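S.K.: Let me give you the structure first, and then I'll get to my questions.
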Amino acid sequence: MALSGMRGLSVFISDIRNCQNKEQERLRVDKELGNIRTRFKNEKGLTPYEKKKYVWKMLYIYMLGYDVDFGHMEAVSLISAPKYPEKQVGNIGGREFAESLAPDVQKLLISSSCRPLVRKKAALCLLRLYRKNPDVVNVDGWADRMAQLLDERDLGVLTSSMSLLVALVSNHHETYWSCLPKCVKILERLARNQDVPQEYTYYGIPSPWLQVKTMRALQYFPVIEDPNTRRSLFEV
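The letter at position 38 of the sequence shown is residue 256 when you use our numbering, and the numbering goes up by one with no holes.
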């Protein structure tokens with residue numbers, strides 16, 4: 219961890235190391251997180267250097283085992299900073315925070331109370347996190363939820379979820395076997411033009427993007443043995 223030129227970070231680390239017990243450490247961490255949260259609320263007044271310093275502090279706190287439930291966007295924003303030291307912190311912070319951010323993104327995706335636009339963006343966000351770090355998705359625990367997502371009626375959410383499924387089955391097709399018949403039903407729905415809004419129809423073809431993504435997901439599965447599923451697929 220590069221500390222040169224960041225006296226505030228060095229002082230904070232020294233304070234933590236000088237704590238006599240865990241309770242003192244927790245109080246010092248809570249105080250620092252409160253200060254960082256206050257400064258981030260007035261983000262317009264922060265320089266990239268100050269953001270870098272605070273993100274380093276949050277990373278250090280996270281490495282100590284404390285939950286850091288804010289500051290993710292500030293860390294990500296440093297990726298586009300003009301200077302390399304700030305950009306480097308943004309890249310490091312993004313990877314470190316991905317694991318803690320993923321559960322919240324998953325909750326948004328499967329929430330029935332969230333607007334379709336939010337769920338659509340959550341699916342794409344989870345896909346991005348998975349590509350960066352596959353461990354953010356619990357493969358065994360996510361299979362049933364992924365199958366439920368394929369029953370989605372909103373085609374925007376469904377298309378984004380299918381992009382996520384393609385990435386998942388490319389590495390673990392055997393875990394997502396329950397998604398196979400759901401994919402076939404999606405193709406049936408599109409082929410029969412059932413419940414497909416006009417804005418998702420392109421030159422008379424119902425949601426061609428979703429059709430392509432669904433067929434791409436199917437290619438990762440072995441030959442279909444179930445006669446009913448095979449019959450449905452042949453009819454499509």
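Glycine is no exception: its CB is placed at the ideal position from the N, C-alpha and C atoms. None of these values were measured; they are calculated from a predicted model.
Count the other CB atoms, across all protein chains shown, that sit within 10 Å of the CB of Gln324; report buried if there are 16 or more and exposed otherwise.
M.R.: To locate residue 324, count along the sequence shown from 1; it is residue 106. So Gln324 ends up on the buried side.
S.K.: In chain order, what residues of the same chain lie with their CB nearer than 8 Å to the CB of Ala365, ignoring the 5 residues before and after it?
M.R.: Locating residue 365 in the sequence shown gives position 147, where the first residue counts as 1. So the qualifying residues of the chain are Tyr394, Ser396, Cys397, Lys400.
S.K.: For Gly226, collect the residues of the same chain with a Cβ closer than 7 Å to its Cβ; drop the 5 residues on either side in sequence, then sort them by chain order.
M.R.: Locating residue 226 in the sequence shown gives position 8, where the first residue counts as 1. Once the five neighbours on either side are set aside, the close Cβ partners of Gly226 are Lys271.
S.K.: For Ile423, write down the residues that DSSP places opposite it in a beta bridge.
M.R.: Start at 1 with the first residue of the sequence shown, and residue 423 comes out as number 205. DSSP lists Tyr420 as partners of Ile423.
S.K.: Would you tell me roughly how many angstroms separate the C-alpha atoms of Val357 and Tyr348, rounded to the nearest one?
M.R.: As a working note, residue 357 is residue 139 in the sequence shown. As a working note, residue 348 is residue 130 in the sequence shown. One C-alpha to the other measures close to 11 Å.
S.K.: Would you check if the segment 374-391 and the segment 426-441 touch, i.e. whether three or more CB-CB distances between them fall below 8 Å?
M.R.: Contact between the segment 426-441 and the segment 374-391 is present, because at least three Cβ pairs lie under 8 Å.
S.K.: Could you please give the first and the last residue of the uninterrupted alpha helix (DSSP H) stretch that includes Lys249?
M.R.: Translated into positions along the sequence shown, residue 249 becomes position 31. 240-259 is the span of the alpha helix (DSSP H), which, as asked, contains Lys249.
S.K.: With distances taken Cα to Cα, identify the nearest neighbour of Val387 among Lys403, Gly252, Val355, Ile254.
M.R.: Position 169 of the sequence shown, counted from the first residue, corresponds to residue 387. When each option's Cα is compared against that of Val387, the closest is Val355.
S.K.: Between the Cα of Gly283 and those of Asp248, Trp427, Ile254, spot the shortest distance and give me the residue it belongs to.
M.R.: Mapped onto the sequence shown, residue 283 falls at position 65. Of the listed residues, the one whose Cα sits closest to Gly283 is Asp248.
S.K.: For Pro303 and Leu277, I'd like the C-alpha separation in whole angstroms.
M.R.: Start at 1 with the first residue of the sequence shown, and residue 303 comes out as number 85. Start at 1 with the first residue of the sequence shown, and residue 277 comes out as number 59. Rounded to whole angstroms, Pro303 to Leu277 spans 15 Å at the Cα level.
S.K.: Cβ atoms of Leu245 and Ile279: under 8 Å apart, would you say?
M.R.: Mapped onto the sequence shown, residue 279 falls at position 61. Mapped onto the sequence shown, residue 245 falls at position 27. No, these two residues do not count as a Cβ contact at 8 Å.
S.K.: So, for Arg167: in the same chain, excluding its five sequence neighbours on each side, which residues have a beta-carbon less than 6 Å away from its beta-carbon?
M.R.: No information on residue 167 is available, as it lies outside the stretch 219 to 454 that the chain covers here.
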